[in-house]
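Residue numbers (the UniProt record's numbering): 1 to 244.
Heads up, the beta-carbon is just placed ideally off N, CA and C, and yes, glycines get one too.
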Ligand code: PXP
């Protein structure tokens, strides 16, 4: 079964645009659960541009779905994760000036540091996931340092599709397929996400080694037109259809 993790960051982006309490990302998480989400993802950025510390407190207090806390590999974030002990922690690279998470983590280039960083999280019972590109060396390094999960970055595949660069899109898809096989063969659970839409989710959902997709921005954008529940149900249907 392919799980759908709904990323609620951009409910908080809209809220923060006005400094009001609405729309409330925790309410969105509850609605996502009713609509068939299998998990909730929230990225607590160092600059708190969307999700806040209070959002994480409230999600941990009230959510019955598993929470996947996305965060950078910093001491501050590690302390927050160890305090809350969410179901999963997904380590992502973070740059202040980026609009969204631009690339994958360089696990191979920071192996010793990341191994030390994830050990206490793993000991605290969190499933540690590393957000990486499809390069074989990154996958090998993720397995070596004892991550439970890798999440493959689908952003380039989605961007090529939007830009109509179809042969590059297909090459990217092929590389993601190979990466999923490699990671699965090394005993890692394989997730994917970033930039996925109704149009791009099918070929990714069809990769048999994948266990979870994390999708946010498009679902929140589409909920302006369809409502969040319906956008999630439609995404689920497309994932299930692609899975056969
Ligand atoms: N997975 C990871 C690791 C991410 O950083 C993000 C973006 O926060 C997503 C999935 C979801 O991407 P999008 O919001 O483009 O669907």
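{"Item": "In terms of alpha-carbon separation, which member of 193, 78, 165 lies closest to residue 118?", "Value": "78"}
{"Item": "Do three or more CB pairs link the region 197 to 212 to the region 223 to 239 at distances below 8 Å?", "Value": "yes"}
{"Item": "Can you tell me whether DSSP reads residue 3 as helix, strand or coil?", "Value": "strand"}
{"Item": "Please report the straight-line C-alpha distance between residue 167 and residue 160, rounded to a whole angstrom.", "Value": "9 Å"}
{"Item": "Beta carbon of residue 90: closer than 7 Å to some heavy atom of ligand 1?", "Value": "yes"}
{"Item": "With distances taken Cα to Cα, identify the nearest neighbour of residue 134 among 169, 149, 175, 122.", "Value": "175"}
{"Item": "Counting only runs of 4+ residues fully inside the region 77 to 154, write out the alpha helix (DSSP H) ranges in chain order.", "Value": "111 to 123, 136 to 144"}
{"Item": "Do you know how far the Cα of residue 106 is from the Cα of residue 75?", "Value": "18 Å"}
{"Item": "Would you say residue 37 and residue 65 are within 8 Å of each other, going by their C-beta atoms?", "Value": "yes"}
{"Item": "Give the DSSP-derived three-state secondary structure of residue 193 in the structure shown.", "Value": "strand"}
{"Item": "Give me whichever residues DSSP pairs with residue 210 in a beta bridge.", "Value": "190"}
{"Item": "Using the Cα positions of residue 188 and residue 90, report the straight-line distance between them to the nearest angstrom.", "Value": "14 Å"}
{"Item": "Starting from residue 41 and walking both ways along the beta strand (DSSP E), at which residues does that stretch end?", "Value": "39 to 43"}
{"Item": "Taking only heavy atoms of ligand 1 into account, decide whether any of them is closer than 7 Å to the Cβ of residue 214.", "Value": "yes"}
{"Item": "With 16 as the cutoff for other CB atoms within 10 Å, does residue 20 come out buried or exposed?", "Value": "exposed"}
{"Item": "With a threshold of 7 Å, establish whether the CB of residue 9 neighbours any heavy atom of ligand 1.", "Value": "yes"}
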